[in-house]
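Residue numbers (our numbering), protein chains in the order written: chain A, 1 to 389; chain B, 1001 to 1389; chain C, 2001 to 2389; chain D, 3001 to 3389. Glycine is no exception: its CB is placed at the ideal position from the N, C-alpha and C atoms. A quick note: this is a predicted structure, and the numbers were derived from the prediction, not measured. Below is one structure, written out as structure tokens, with a few remarks after it.
Protein chains: 4
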Amino acid sequence: WWRTRSLNAPSPFQQFGPCGRIMKNSAMVMQIQDPASQRLTWYKPPLTVLVIKKVRDSTVLSPFVQLVEWLVQEKNMVVWVEAAVLDDPLLVEDKRFQQIKDKLVTFKDGRDDLTDRIDFIVCLGGDGTLLYASLLFQQSVPPVMAFHLGSLGFLTPFQFDNFQDQVTNVLEGHAALTLRSRLRCIIVRKGERYKEALTDNETSSDRTETAASNHLFSDNQQTPNMRASTNILVLNEVVIDRGPSPYLSNIDLFLDGKHITSVQGDGLIVSTPTGSTAYAVAAGASMIHPSVPAIMVTPICPHSLSFRPIVVPAGVELKISISPDSRNTSWVSFDGRNRQELFHGDSLRVTTSIYPVPSICAQDQISDWFDSLAECLHWNVRKRQKCLD
Amino acid sequence: WWRTRSLNAPSPFQQFGPCGRIMKNSAMVMQIQDPASQRLTWYKPPLTVLVIKKVRDSTVLSPFVQLVEWLVQEKNMVVWVEAAVLDDPLLVEDKRFQQIKDKLVTFKDGRDDLTDRIDFIVCLGGDGTLLYASLLFQQSVPPVMAFHLGSLGFLTPFQFDNFQDQVTNVLEGHAALTLRSRLRCIIVRKGERYKEALTDNETSSDRTETAASNHLFSDNQQTPNMRASTNILVLNEVVIDRGPSPYLSNIDLFLDGKHITSVQGDGLIVSTPTGSTAYAVAAGASMIHPSVPAIMVTPICPHSLSFRPIVVPAGVELKISISPDSRNTSWVSFDGRNRQELFHGDSLRVTTSIYPVPSICAQDQISDWFDSLAECLHWNVRKRQKCLD
Amino acid sequence: WWRTRSLNAPSPFQQFGPCGRIMKNSAMVMQIQDPASQRLTWYKPPLTVLVIKKVRDSTVLSPFVQLVEWLVQEKNMVVWVEAAVLDDPLLVEDKRFQQIKDKLVTFKDGRDDLTDRIDFIVCLGGDGTLLYASLLFQQSVPPVMAFHLGSLGFLTPFQFDNFQDQVTNVLEGHAALTLRSRLRCIIVRKGERYKEALTDNETSSDRTETAASNHLFSDNQQTPNMRASTNILVLNEVVIDRGPSPYLSNIDLFLDGKHITSVQGDGLIVSTPTGSTAYAVAAGASMIHPSVPAIMVTPICPHSLSFRPIVVPAGVELKISISPDSRNTSWVSFDGRNRQELFHGDSLRVTTSIYPVPSICAQDQISDWFDSLAECLHWNVRKRQKCLD
Amino acid sequence: WWRTRSLNAPSPFQQFGPCGRIMKNSAMVMQIQDPASQRLTWYKPPLTVLVIKKVRDSTVLSPFVQLVEWLVQEKNMVVWVEAAVLDDPLLVEDKRFQQIKDKLVTFKDGRDDLTDRIDFIVCLGGDGTLLYASLLFQQSVPPVMAFHLGSLGFLTPFQFDNFQDQVTNVLEGHAALTLRSRLRCIIVRKGERYKEALTDNETSSDRTETAASNHLFSDNQQTPNMRASTNILVLNEVVIDRGPSPYLSNIDLFLDGKHITSVQGDGLIVSTPTGSTAYAVAAGASMIHPSVPAIMVTPICPHSLSFRPIVVPAGVELKISISPDSRNTSWVSFDGRNRQELFHGDSLRVTTSIYPVPSICAQDQISDWFDSLAECLHWNVRKRQKCLD
């Protein structure tokens, strides 16, 4: 009964009149499975589950305890939680939680490596929990199932009511996936060499770039799991702004090496389609469905009236640097974290990563997205013609 | 020396933690050659060339004569022009043109079928010439080389100065191509059956839909070459508007069968990425590079303040119909032509066609696009900080 | 207990340093009473009341009958209604209405002159009823009290529940007024002389124009014979658009005789502050409180990205004409009515009229406006931070 | 030959039908001279002139020396300059300047009181020089004549070429004036009392508020001349933003005591009409002519899609405070200076001041404004239809 509609455009007909053809270039051919057909399967049964809950929100505690208890007792899964979670005074007093507490595995953000240890992630709370999951897993991310509590979020499509049935359903492999692309960002400091990663072999480039960028997070001890990498993968956006300076930044924007424009204003947002509905939309961007392979570039309060946001192909590499004649420096932040100064001579490189966040759909890619547009942004929600007749 | 950068995102890594995988679905896998590597080649040497010139613009005449003369005499090509062109009084007086006139092949728009007869198209004038080429070739389009006269257009990247070298270069097969996606539109009148073309076999669906829609262009005799098809392919956009009615339209928008929203306002623009810089940008849309596989949906003067434009994957099918409770009907036009009324019970279906317009780049996809943004839209062109310090 | 806050800015201090002064120009001094203090008073008790009800809406009938019955029987007022209202089949069947029907005075729109015959207006229904009242009274407008049925409108602040108390209160002279400025529009046809009304003595020009304009609203004469040009007063906006033409209009905009800019796009909206929340806001304008003395000029889908709406002082005179080099003409409509073509050589003149619509506030000017922004435009109505954490 | 057109709307006709009237309230009547007729006159001949030049711009030096020399030698005026100007190494080397240097009067910003000592101000450079003049004179401002060097600014309409004739012309009293309204801002710290200045007697309220706000500029020693006042008058805007916090601010906005809305986003701009073309326009505001008596409220990157800028009457008082439930504080800055934190319980009050900046027009209010829109914002400057046909 269930048919898959395409999200990808059909393969274009490659003859153009009687004589014209596309020149074949097998090195540049890739296979793509239609996003509409992306469904989760388990190579082997998932045994370990990481539960991430919203911090500082007491309404999450009861669902959290219910969920963890059920995963441990009914599903016999090994449940991981962040160590800090156990310190919550309200949980300490919770008798039900105390009974299962010893069965949980804990880790410390920034100290323990989660790579290859987690089969499945459940998020509980707001969109921030998924951003945190993205931060924890800077390479391959286990499938993420995200529950909102209260009202739908862009990244948290599931409601908690009958979580048991829903989690069971996912664990049995029945779930549509949205592969949310992430942006691979790297700051190249003045004087450092940057081997442009045309082949986009992230693993190998990681290796060569490690030495140069040990200092990347040096002034931010909150950052987890990044010993061996200077790439930062963002799920929403990387923002370049003028920081506390009252003067406008002058930022040069390059695309695949070509100088595209100079930005004068409060800053610039480079976002994924997922991030188009976060900060970018507040700065005036159009909303892009997460399965469109694209990068969005949005100015923040640009001085030029004609500086409209643009959408470019996902494969390009953007370079952002302070204009040589700019009076002041800029600041960069990654999904709202790791804020650091960008000095004259430094540059920020951004392109699409090979490591998306596999986000499990509550319904399907289309319904989930439009439901969240209506719920989170009130997109075109109105009383019909009430005030117009 | 020349390396191809990708425009496509890298293939995502398909393992998600130790256990998660994408479920393989070979039926939904397609091969895509990276747009950045799309270059024109000729299966056999092009012999016939269609020259389209801007109408009602006397400044085009001299370049037109030069070009046609050179194609005939130097390149020994068979040159096609529209019959009406020969009637231009200024050309009739042009002695140089009279000497080659008899060697030209003429056709009448709406009467003669050009399918498989034209190897190559040269456009001379504004963006309208390329829209006209798109209109003439409603299936496979021969490669198009478009010259602007005066200033750069979005669709006319070549300057005419040394046209001989540039055309020769293209005829020898050295040219980057932008495959500009088109939207396949069909109006299904009330009571007609519409077999949803999930397989997107446009040729076969054309056949089944022919009978039902003979009347499509019945009131517009200017339309060429459409005997056997009711699909209309647009290069820029299809527009639904309220027409002369002073009342706001109520239009229902469906995406892959799901009711997405109702539009209340002056109308709705469904555009290709190419069309994002045409009418859509005037209605507030972000600009999308032509190689991003997407469809843009932009409201025209929507009553709802929150009705921002959206960008959806190129493979979806949109359906647009008059809301049952709407007082009035709407009007549809295709790339600014074939304007017709959409009545209660009718619907307009739109999706990406398999027949793009192969548009030859002057430089490359990225440079051509950003140059035209600056030239045509003054995108972020300004005096730096002059009025701000 | 009740204190009047100013809406007008304080009178500026007119000494600029030890020596500088404003040069006194007594001819240009005017007295303004602060809008915040504008309250209705009755020179003599109002006896005749015009009741305007929304057409084609059966839900209005019951309140209409209640209101009219009460005005006739309890308030002993002479109630006027449009003749066409009595033909409504539902009213014909309404026994209660039949009992008072004979006591009503009727008039025919376009035939009967209401000037000086109506003391008070009550509107019942949507914002359109107030626009209609504005249309009926093209000079002085009696005080208007407007009830919405269902949900608040921009122009209909009163709810019907306890209409008796509220109407009584107003009839006793306790009511804040918003003087909604109107725009005086005049089309000067090619070859006609236009005596620029610098002194803005509308009264005298009215006198000469009265005879000529009886036919103004005779519905379908589209271009009434305008030997002497006739003023049309609009409450929301005058719109110039490209009509059915697929080509963009080229419109020249002059302000106090100076050529300001040329508009290329779908059209142009010249609106009052009241109209800023009607069509203009859909075209991207900011919202202006009705007591700000200003005229708003908003392009409709302008081709230029930098063509932002502008707000100019209420006293300027705008002139709009077709650019000499424009291929096509334009169309003008006034509060959505009287649509007519503007030809090459014609011009439209617009300035603020001396005849505002005295619109009775339910609360006060500030509260009424912000309540309607929230209710009608969902202005910044949202769930706080729900989707952001 | 020269006639004055009105900028103010005509006085509205105050009879509404046969019975309705505005209730007279003589306490709320004010006299306003039409802005179009505002021309500068000198009560006595101006003798002292303050010359403000752009800092850190060597191209200003030569015009500065020419101007000062001419004012001293030809006009026999007493020329004031800021003490720091004399320290400029380039000026120290300038022989011409050394000859007149001793005739200049110097003052130190923040130490010397200029009140009643300056008859006339000449600005040389960018818009910043006028902002600085506004800062120096926090009550009555002497007439300001502002030259741009290079290209027109919003606040610097004069070109320097024949400065002698132009200055002479102004000194002889032939000049149109734009009275640029300023906003009177005051931060009321938690626990401080704030006597709401309904009478808007700024002088007296200054007195009562002095004690409470000594700390206002405590961390900013650059601020001049503010011993006896805690009001800050801004010419462009006061900005409330989230500062370095990654979290969105929650700001409550009150208008005349009524809670209007809560702002969630990067911040809020409260600007004068003059400021509408500065920061506000970058945040999406419409442009308001400086003679429209209004205050503009513009959100910065608001999370709500429907949070459009609004324009309210110039006489209202705005109050801005941190929402009680907001996690973080905000930052306030005044014309880009005096940046300081706004804590929970503090509030910022803003209304129109009685002390405008009398800015001398190069042509007239209308021409100067539209010329600067075109020059500074490229407002609707474009190639006509080039890319559209």
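- Interface flag for Val3281(D) against chain A is set, since a Cβ pair is found closer than 9 Å.
- In summary, Ser1276(B) is buried, with 16 or more beta-carbon neighbours lying within 10 Å of its beta-carbon over all protein chains present.
- Residue burial annotation: Val1060(B) is buried, with at least 16 other C-beta atoms found within 10 angstroms of its C-beta.
- Shown in chain order are the members of the segment 3314-3338 of chain D whose Cβ falls below 8 Å from a Cβ of chain A: Ser3333, Gly3336 and Arg3337.
- As DSSP reads the structure, Gln3015(D) sits in a beta bridge with Arg3021(D).
- For Ser1306(B), the C-beta contacts it makes with chain D under 9 Å involve Ser3304, Leu3305 and Ser3306, in order along the chain.
- Scanning Phe1370(B), Ala1285(B), Ala1175(B) and Asp1346(B) for the CA closest to the CA of Arg21(A) turns up Ala1175(B).
- By the neighbour-count definition (other C-beta atoms within 10 Å, threshold 16), Arg96(A) is an exposed residue.
- Across the set Ser1181(B), Ile1032(B) and Thr1106(B), the C-alpha of Ile1032(B) shows the shortest separation from the C-alpha of Ala27(A).
- Under the three-state reduction of DSSP output, Ile3186(D) falls in the strand class.
- Around the C-beta of Asp335(A), 16 or more other C-beta atoms lie within 10 Å, and the residue is accordingly described as buried.
- Chain order gives the chain D residues near His378(A) as Ser3304, Leu3305 and Ser3306, where near means a beta carbon separation below 9 Å.
- Of Asp3368(D), Ser3245(D) and Ser3359(D), the smallest CA-CA separation from Glu3341(D) is found for Ser3245(D).
- The straight-line gap separating the alpha-carbon atoms of Asp3119(D) and Thr3048(D) is approximately 5 Å.
- Taking a cut-off of 8 Å for Cβ pairs, the segment 3233-3241 of chain D and the segment 3258-3270 of chain D touch, as three or more such pairs fall below it.
- Gly3128(D): member of the alpha helix (DSSP H) spanning Asp3127 to Leu3136, first to last residue.
- Taking Thr2178(C) as reference, the option from Ser2372(C), Val2381(C) and Ile2366(C) with the minimal CA-CA separation is Ile2366(C).
- Within chain D, the residues Cys3019, Gly3020 and Arg3021 have their CB atoms less than 9 Å from the CB of Trp2042(C), given in chain order.
- Flagged as an interface residue toward chain C: Gly1284(B), by a C-beta distance shorter than 9 Å.
- In terms of CA proximity to Glu3317(D), Met3296(D) leads the group Cys3123(D), Met3296(D) and Asn3328(D).
- Counting only the Cα atoms, Ile1232(B) lies some 17 Å from Glu1192(B).
- Closer than 9 Å to the CB of Val381(A) there is at least one CB belonging to chain C.
- Residue pairing by DSSP places Lys258(A) opposite Leu255(A) in a beta bridge.
- Contacts between Pro2244(C) and chain B, judged by CB atoms closer than 8 Å, involve Gly1243, Pro1244 and Arg1339 in chain order.
- At least one CB of chain B lies nearer than 9 Å to the CB of Val263(A).
- Taking a Cβ-Cβ threshold of 8 Å, none of the residues of chain B is close to Cys2185(C); the smallest such distance is about 16 Å.
- The C-beta of Leu2152(C) comes no closer than 9 Å to any C-beta of chain D.
- Of the candidates Lys44(A), Ser306(A), Asp109(A) and Ile300(A), Lys44(A) places its Cα closest to the Cα of Gly1017(B).
- Boundaries cannot be given for Gln3038(D), as no alpha helix (DSSP H) includes it and DSSP labels it neither H nor E.
- Here DSSP, grouped into helix, strand and coil, assigns Gly2265(C) to strand.
- DSSP, reduced to helix, strand and coil, places Asp368(A) within a helical segment of the structure shown.
- Put simply, the backbone Cα of Phe1154(B) is about 59 Å away from that of Trp70(A).
- Within the DSSP secondary-structure output, Thr3230(D) pairs in no beta bridge.
- Put simply, the CB of Asp2266(C) is near chain B, with a gap under 9 Å to one of its CB atoms.
- Burial is judged here by how many other beta carbons sit within 10 angstroms of a residue's own beta carbon; Gly1126(B) has at least 16 and is buried.
- Assignment of Val1292(B) by DSSP, reduced to helix, strand and coil, places it in the coil class.
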